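Colleague: In the numbering used here, the protein residues as written are 8 to 185.
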DNA sequence: GCTAAAATAT
DNA sequence: AATATTTTAG
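(1) Please list the terminal residues of the continuous alpha helix (DSSP H) segment that includes residue 93.
(2) I need the DSSP call for residue 80, collapsed to helix, strand or coil.
(3) Grab the span of the alpha helix (DSSP H) containing residue 110 for me, first residue to last.
(4) Taking the continuous alpha helix (DSSP H) assigned at residue 151, which residues delimit it?
(5) As a quick exercise: from 90, 111, 121, 146, pick the residue whose alpha carbon is nearest that of residue 155.
(6) How should residue 121 be labelled, buried or exposed, when 16 other C-beta atoms within 10 angstroms of its C-beta is the threshold for buried?
(7) Look at the alpha carbon of residue 127 and the alpha carbon of residue 110, and state the distance between them as a whole number of angstroms.
(8) How about residue 82 and residue 148: do their beta carbons lie closer than 8 Å?
(9) For residue 115, count neighbouring Cβ atoms within 10 angstroms of its own Cβ and tell me buried if that reaches 16, exposed if not.
(10) Between the C-alpha atoms of residue 96 and residue 104, what's the straight-line distance to the nearest angstrom?
(11) Of the residues 117, 93, 135, which one's Cα is nearest the Cα of residue 79?
(12) Is it buried or exposed, residue 86, if we count other Cβ atoms within 10 angstroms and call 16 or more buried?
(13) Taking the alpha helix (DSSP H) that residue 119 falls in, what are its first and last residues?
(14) Considering only residues of the same chain and omitting the five flanking positions on each side of residue 107, which have a CB-CB separation below 8 Å?
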């Protein structure tokens, strides 16, 4: 029961101070939810909510992300933007999970997360190209807000290596935790 | 109860 | 690694 206080460190190293009261509204009963970048800030904030483990102590021995099931990841528009942006520079040929994740370098994002999202994004592109040139479907709340880059429209004459003008600086954040 | 999104399995 | 299926959230 006394694990609540350390689970909601919302604020990050930003100049802007977000409402700290927001920290209180992330208690989900029986479920866990992660939120990478909520809204209006950089997207390297990963919040993690861990529920009770039924031990009594409430302390976890493992400090690393290991043996612990990661809660459901929420793809915010910002995070998706980053995803699309990276993918745009890669092109269809190099739109591979490994590369994508490498250039996104969003800490906390796992391979499974990106893979799942990539799948959905591919389906989205296929759908859009199959129908008409333009036409925001009623669904796709997330992807509809993101402009499909021209880099993906063509086959991209790039060969096996891609030149990326350093889209994002490499971060050295080991573990955000909270 | 249905649909969309994320996770998980193949 | 890519696609299919299952599970979970909305």
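Virtual Cβ for every residue (Gly too), placed ideally from N, Cα, C.
Here the structure is a predicted model, which is why all the values come from computation and not from measurement.
Modeller: With the structure as the only source:
(1) Per DSSP, residue 93 belongs to the alpha helix (DSSP H) from 84-97.
(2) Here residue 80 sits in strand by DSSP.
(3) Start and end: 104-111.
(4) Neither: residue 151 is in no alpha helix (DSSP H) and is coded neither H nor E.
(5) The shortest C-alpha separation from residue 155 is found at 90.
(6) Classification of residue 121: buried, given that the 10 Å Cβ count is 16 or more.
(7) If you draw a straight line from the Cα of residue 127 to the Cα of residue 110, it is about 19 Å long.
(8) No.
(9) By the neighbour-count criterion, in which a residue is buried when 16 or more other Cβ atoms sit within 10 angstroms of its Cβ, residue 115 is buried.
(10) About 14 Å.
(11) The shortest Cα separation from residue 79 among 117, 93, 135 belongs to 117.
(12) Result: buried.
(13) Run containing residue 119: 118-137, per the alpha helix (DSSP H) assignment.
(14) Scanning its chain for C-beta atoms nearer than 8 Å, with the 5 sequence neighbours on each side dropped, one finds around residue 107 the residues 90, 93, 94, 97, 121, 125, in chain order.
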